[in-house]
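Participant: One structure is given below, represented as structure tokens, and several questions about it will come after.
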Amino acid sequence: MTGFRVGTGFDVHRLVPGRPCVLGGIELPHPAGPDGHSDGDAVLHAVTDALLGAAGMDDIGTLFPPDDERWRDADSGELLGMALEVVRNAGWRVVNVDVVVATEGPRIAPHRSAMRTRMAQLLRVGPERVNVKGKTLEGMGALAGGAGVAVQAVCLLAER
Ligand code: MG
45 MTGFRVGTGF
55 DVHRLVPGRP
65 CVLGGIELPH
75 PAGPDGHSDG
85 DAVLHAVTDA
95 LLGAAGMDDI
105 GTLFPPDDER
115 WRDADSGELL
125 GMALEVVRNA
135 GWRVVNVDVV
145 VATEGPRIAP
155 HRSAMRTRMA
165 QLLRVGPERV
175 NVKGKTLEGM
185 GALAGGAGVA
195 VQAVCLLAER
């Protein structure tokens, strides 16, 4: 019988004027982007953590420490690719990934398809195995008004 593992990931980044708005592996047309040591792609960070979590492998901060100069302005797609290699080498494959992006910054809906395509490439699965949806925050809390982005991701792995 095939073994399965599920993992969740969560990430929050401030949206800062003048930073490229890289989310889900693509650049969105928006005047503010996620702050961070890497490119700040909170979507890929949450997905990476879901992947590592499912495989029982610590988290993205352990694999790629934020105080390590190697990861300054790193492409989060490359970090996800490296995490995927580690997970695959441990005998797992990605069944599917589902993501919620909560923000009042960039609109997510017009870019869902491009995000799914890009993340599916990075995860080496078909786009039907990657889902993304946007949520607003109803004007509540510290992330209201486009101040930040919060991302929740879930990933299912199966034995290869
Ligand atoms: Mg992050």
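Take the numbering used here: the final residue in the sequence shown is number 204, and no numbers are missing along the way. Ideal Cβ positions, reconstructed from N, Cα and C, are used throughout, including at glycine. Since we're looking at a predicted model, the values are computed, not measured.
Using a Cβ-Cβ cut-off of 6 Å (strictly less than) and excluding sequence neighbours within five positions of His-155, which residues of its own chain qualify?
Facilitator: Correct list, in chain order: Leu-72.
Participant: Can you find at least 3 beta carbon pairs, one from the stretch 94–107 and one from the stretch 56–68, that sit closer than 8 Å?
Facilitator: No, because fewer than three Cβ pairs between the stretch 94–107 and the stretch 56–68 fall closer than 8 Å, the two stretches do not touch.
Participant: Who are the Cβ neighbours of Ile-70 in its own chain at under 7 Å, not counting the five residues just before and after it?
Facilitator: Closer than 7 Å at Cβ, skipping near neighbours: His-155, Ala-158, Met-159 and Arg-162.
Participant: Quick one: using the 10 Å Cβ neighbour count with 16 as the cut-off for buried, is Gly-97 buried or exposed?
Facilitator: Per the 10 Å Cβ criterion, buried.
Participant: Locate the beta strand (DSSP E) running through Asp-55, then write down its first and last residues.
Facilitator: That run of the beta strand (DSSP E) goes 48–61.
Participant: Suppose you measure from the CA of Glu-135 to the CA of Arg-204; what does that come to, to the nearest Å?
Facilitator: A small fix is needed here, since residue 135 is Gly in this sequence, not Glu. Going from the Cα of Gly-135 to the Cα of Arg-204 covers about 6 Å.
Participant: Pull up the CB-CB distance for Leu-124 and Leu-166, whole angstroms please, since I reckon it's below 8 Å.
Facilitator: The Cβ separation is near 5 Å, so the contact holds.
Participant: Quick one: Cα of Glu-148 to Cα of Gly-189, how far?
Facilitator: Looking at the two C-alpha atoms, the distance is approximately 6 Å.
Participant: Could you give the distance in angstroms between the alpha-carbon of Leu-59 and the alpha-carbon of Ala-191?
Facilitator: When rounded, the distance between both Cα atoms is 5 Å.
Participant: When the Cα atoms are used, what is the spatial distance from His-89 to Gly-100?
Facilitator: Computed Cα separation, rounded: 16 Å.
Participant: Are the beta-carbon atoms belonging to Val-195 and Ala-76 less than 7 Å from one another?
Facilitator: Taking 7 Å as the Cβ cut-off, Val-195 and Ala-76 do not qualify as a contacting pair.
Participant: With H, G and I counted as helix, E and B as strand and the rest as coil, what does DSSP make of Val-176?
Facilitator: In this structure, Val-176 counts as strand in the three-state DSSP scheme.
Participant: Using 7 Å as the threshold, is the C-beta distance between His-74 and Pro-150 below it?
Facilitator: Yes, these two residues count as a Cβ contact at 7 Å.
Participant: Could you give the DSSP three-state label for Leu-88: helix, strand or coil?
Facilitator: Three-state result, Leu-88: helix.
Participant: Rounding to the nearest angstrom, what Cα-Cα distance links Gly-170 and Asn-140 in this structure?
Facilitator: Cα to Cα, Gly-170 sits roughly 9 Å from Asn-140.
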